[in-house]
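The opening residue of the sequence shown carries number 144 in our numbering; numbering runs sequentially from there.
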Amino acid sequence: MIKITGIKVGNYPIKVPQGLSELVHQANAWAIPKEEKVDEEYHRQIVMDKGRLSTILTRKEDFKKEA
144 MIKITGIKVG NYPIKVPQGL SELVHQANAW AIPKEEKVDE EYHRQIVMDK GRLSTILTRK
204 EDFKKEA
């Protein structure tokens with residue numbers, strides 16, 4: 144069985160919940176990830192504010208002019 148020892152969201156490490164490895168294993172959720180499509184229209188920034196992670200999407204200036 145594969146054991147999950149660490150998780151990161153952006154550059155922020157997240158504590159691994161107890162039993163997560165077993166849950167993922169039982170759900171047959173292990174798979175080869177598909178290639179992620181990069182959205183070039185937006186800049187993505189992950190920030191931590193008061194212990195909460197948020198994703199800020201900002202539309203890039205080049206795309207605003209074309210619209």
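Heads up, the beta-carbon is just placed ideally off N, CA and C, and yes, glycines get one too.
What is the rounded straight-line gap between the Cα of residue 148 and the Cα of residue 155?
Per the coordinates, the alpha-carbon of residue 148 lies some 14 Å from the alpha-carbon of residue 155.
Of the residues 202, 204, 194, which one's Cα is nearest the Cα of residue 157?
Nearest option by C-alpha distance: 194.
State the start and end residues of the unbroken beta strand (DSSP E) segment that holds residue 152.
Taken as a continuous stretch (DSSP letters only), the beta strand (DSSP E) holding residue 152 covers 150 to 152.
Residue 167 - DSSP class collapsed to helix/strand/coil:
In the three-state reduction of the DSSP assignment, residue 167 falls in the helix class.
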